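At position 60 of the sequence shown the residue is numbered 60 (this note's numbering), and the sequence of numbers has no breaks. Data first, discussion second: the structure below is written as structure tokens.
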Amino acid sequence: MTEDSLRERVAALAPWFHNIDLGDGIVTAPDHFLGDYPRFKFARFAAALPADLTGKTVLDIGCNAGFYSVEMKRRGAARVLGIDSDDRYLAQARLATDALGFTDVEFRNLSVYDIAALGERFDVVIFMGVLYHLRHPLLALDLIREHVAGDMMLFQTMQQGSDDVADVPADHPFHKPGTFDPPEYFDEPGYPKMHFIEREFAHDWSNWWAPNRAGTEAMLRAAGFTIESHPEHDVYLCRVAPVPYADFGPAAVYPARAGINGDAR
Numbered sequence: 001m002t003e004d005s006l007r008e009r010v011a012a013l014a015p016w017f018h019n020i021d022l023g024d025g026i027v028t029a030p031d032h033f034l035g036d037y038p039r040f041k042f043a044r045f046a047a048a049l050p051a052d053l054t055g056k057t058v059l060d061i062g063c064n065a066g067f068y069s070v071e072m073k074r075r076g077a078a079r080v081l082g083i084d085s086d087d088r089y090l091a092q093a094r095l096a097t098d099a100l101g102f103t104d105v106e107f108r109n110l111s112v113y114d115i116a117a118l119g120e121r122f123d124v125v126i127f128m129g130v131l132y133h134l135r136h137p138l139l140a141l142d143l144i145r146e147h148v149a150g151d152m153m154l155f156q157t158m159q160q161g162s163d164d165v166a167d168v169p170a171d172h173p174f175h176k177p178g179t180f181d182p183p184e185y186f187d188e189p190g191y192p193k194m195h196f197i198e199r200e201f202a203h204d205w206s207n208w209w210a211p212n213r214a215g216t217e218a219m220l221r222a223a224g225f226t227i228e229s230h231p232e233h234d235v236y237l238c239r240v241a242p243v244p245y246a247d248f249g250p251a252a253v254y255p256a257r258a259g260i261n262g263d264a265r
């Protein structure tokens, strides 16, 4: 496409949340309120990811305009699938990848709650900037672990509250020993907490949750991920691990089951 037609198509799909450099001086969100986002953020933790993803498969959940999908292709990923539930974001992602020459990146309109329908596991799952927008965040992590995570997950969530991480007991007593008083550690700053946002946060009604650091890390472990590195204050590189208490049954509320035509649902 010509430079003028590309500029017109970028403008027609505005506003963009990902500021992506498409070349020839064309960027998608030059006036982004966060600056050159998410490039400047990615630069702070990019080294935590393998530099060479040759032959690897990647699932980008909540791909938005495809910034991270593009970055995974630049590292040589054999297959990249981006999913989002917003058709405008998907249109932006298709335009960006086409303009940059990554025409083999696939995009689909799919919710994180429906990823069992993909019927495959991926070497790398990207799950960034999504958890706090979900009404059912732990369910989403459970579904990712059960259905699509094959090895590695790059995870990010908004966090609020303390950065402390308390050493909590493996089994919580109902009362302090010898009393009827509740345990005090629930009030400790480093106890895992999930702050619920009933109304808007930063003028966004879809921001529902803000865990503290301990809460983020506890949820990841509970869903069956081990934290390999913590390169940025709200970014975690995780690996698939055994799901706690798996002997008692599947953790996800919606385990894999056959659909009408035999496909996974």
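Idealized CB from N, CA, C, for every residue including glycine. All values reported here derive from a predicted model rather than from experimental measurement.
Beta-carbon within less than 7 angstroms of Gly55's beta-carbon, same chain only, minus the 5 sequence neighbours each way: which residues are those?
The residue labelled residue 55 in the question sits at position 55 within the sequence shown. If we look at Gly55 and ignore the five residues flanking it on each side, its Cβ neighbours are Ala78.
Beta strand (DSSP E) runs contained entirely in the stretch 123-168, provided each spans 3 or more residues
Counting whole runs of 3 or more residues, the stretch 123-168 contains the beta strand (DSSP E) stretches 149-156.
Any contact of the stretch 176-184 with the stretch 103-122, i.e. 3+ C-beta pairs under 8 angstroms?
With the rule of 3 Cβ pairs closer than 8 angstroms, the stretch 176-184 does not count as touching the stretch 103-122.
Under a three-way DSSP split, which group does Met1 fall into?
Residue numbering aside, residue 1 sits at position 1 when the sequence shown is read from its first letter. Reduced to three states, the DSSP call for Met1 is coil.
According to DSSP, which residues form a beta bridge with Ala77?
Position 77 of the sequence shown, counting from 1, holds the residue named residue 77. Looking at the DSSP assignment, Ala77 forms a beta bridge with Thr54.
Is it a yes or a no for the stretch 1-17 touching the stretch 44-51, going by three-plus beta-carbon pairs under 8 angstroms?
Between the stretch 1-17 and the stretch 44-51, the count of C-beta pairs closer than 8 angstroms stays below three; the two stretches do not touch.
Buried versus exposed call for Ala65 [16 or more other C-beta atoms within 10 Å across all chains shown]:
Along the sequence shown, read from residue 1 onward, the residue named residue 65 stands at position 65. With 16 or more other Cβ atoms within 10 Å, it is buried.
Taking only runs that begin and end inside the stretch 213-239, name each unbroken beta strand (DSSP E) of 3 or more residues, in chain order.
Within the stretch 213-239, the runs of beta strand (DSSP E) at least 3 residues long that lie entirely inside it are, in chain order, 225-232.
Keeping to the same chain, check which residues put their C-beta closer than 6 angstroms to that of Ala251; ignore five residues upstream and five downstream.
Here residue 251 is taken as the residue at index 251 of the sequence shown, counted from 1. Cβ within range, chain order: Asp142, Val243.
Go ahead and pull the three-state DSSP assignment for Pro15.
Against the sequence shown, residue 15 aligns to sequence position 15. Looking at Pro15 - three-state DSSP - the assignment turns out to be coil, as it is neither helix nor strand.
Report buried or exposed for Glu146, applying the criterion of at least 16 other Cβ atoms within 10 angstroms of its Cβ.
As a working mapping, residue 146 is identified with position 146 in the sequence shown. Per the 10 Å Cβ criterion, buried.
Length of the line joining the Cα atoms of Arg121 and Asp52:
Position 121 of the sequence shown, counting from 1, holds the residue named residue 121. Position 52 of the sequence shown, counting from 1, holds the residue named residue 52. So the two alpha carbons sit approximately 19 angstroms from each other.
Under 8 angstroms, do Ala14 and Cys63 count as touching if we go by C-beta distance?
As a working mapping, residue 14 is identified with position 14 in the sequence shown. As a working mapping, residue 63 is identified with position 63 in the sequence shown. The Cβ atoms of Ala14 and Cys63 do not sit closer than 8 angstroms to each other.
Near Pro189, which residues of its chain fall below 6 angstroms by C-beta distance, leaving aside the five closest residues on each side in sequence?
By one-based count along the sequence shown, residue 189 stands at place 189. In its chain, beyond the 5 residues on either side, Ser162, Asp164 have a beta carbon closer than 6 angstroms to the beta carbon of Pro189.
Give the straight-line distance between the Cα atoms of Arg75 and Arg39, rounded to the nearest whole angstrom.
Position 75 of the sequence shown holds residue 75. Position 39 of the sequence shown holds residue 39. Rounded to whole angstroms, Arg75 to Arg39 spans 15 angstroms at the Cα level.
In the DSSP assignment, find the alpha helix (DSSP H) that holds Phe107 and state where it starts and stops.
Here residue 107 refers to the residue found at position 107 when the sequence shown is read from its first residue. Careful: Phe107 lies outside any alpha helix (DSSP H), inside the beta strand (DSSP E) at 106-109.
Opposite Ala210 in the DSSP bridges: which residues?
Taking the first residue of the sequence shown as position 1, residue 210 is located at position 210. His195.
By DSSP, does Ile115 sit in helix, in strand, or in coil?
As a working mapping, residue 115 is identified with position 115 in the sequence shown. In the structure shown, Ile115 sits in a helix (DSSP, three-state: H, G or I).
Start and end residues, beta strand (DSSP E) containing Leu22:
Taking the sequence shown and counting its residues from 1, the one referred to as residue 22 is at position 22. Element bounds for Leu22: 21-23.
Can you tell me which of the three DSSP states Phe180 falls into?
The count along the sequence shown starts at 1 and reaches residue 180 at position 180. Phe180 falls in the coil class under three-state DSSP.
Measuring straight from C-alpha to C-alpha, what distance separates Leu22 and Ala99?
As a working mapping, residue 22 is identified with position 22 in the sequence shown. As a working mapping, residue 99 is identified with position 99 in the sequence shown. The alpha-carbon atoms of Leu22 and Ala99 are separated by roughly 6 angstroms.
Could you tell me which of Tyr89, Phe201, Pro169, Gln159 sits nearest to Tyr236, measuring between CA atoms?
Here the question's residue 236 lines up with position 236 in the sequence shown. Tyr236 has its Cα closest to that of Gln159, out of Tyr89, Phe201, Pro169, Gln159.
Quick one: is Glu71 buried, meaning 16 or more other Cβ sit within 10 Å of its Cβ, or exposed?
Translated into positions along the sequence shown, residue 71 becomes position 71. Burial check for Glu71: the Cβ neighbour count within 10 Å reaches 16 or more, so the residue is buried.
Thinking just about the alpha-carbon of each residue, which of Pro169, Leu59, Trp205 is nearest to the one in Pro192?
Counting from 1 along the sequence shown, the entry for residue 192 is found at position 192. Ranking the options by Cα distance to Pro192, first place goes to Pro169.
Could you have a look at Val10 and say whether DSSP puts it in helix, strand or coil?
Taking the sequence shown and counting its residues from 1, the one referred to as residue 10 is at position 10. DSSP places Val10 in helix when its eight states are reduced to three.
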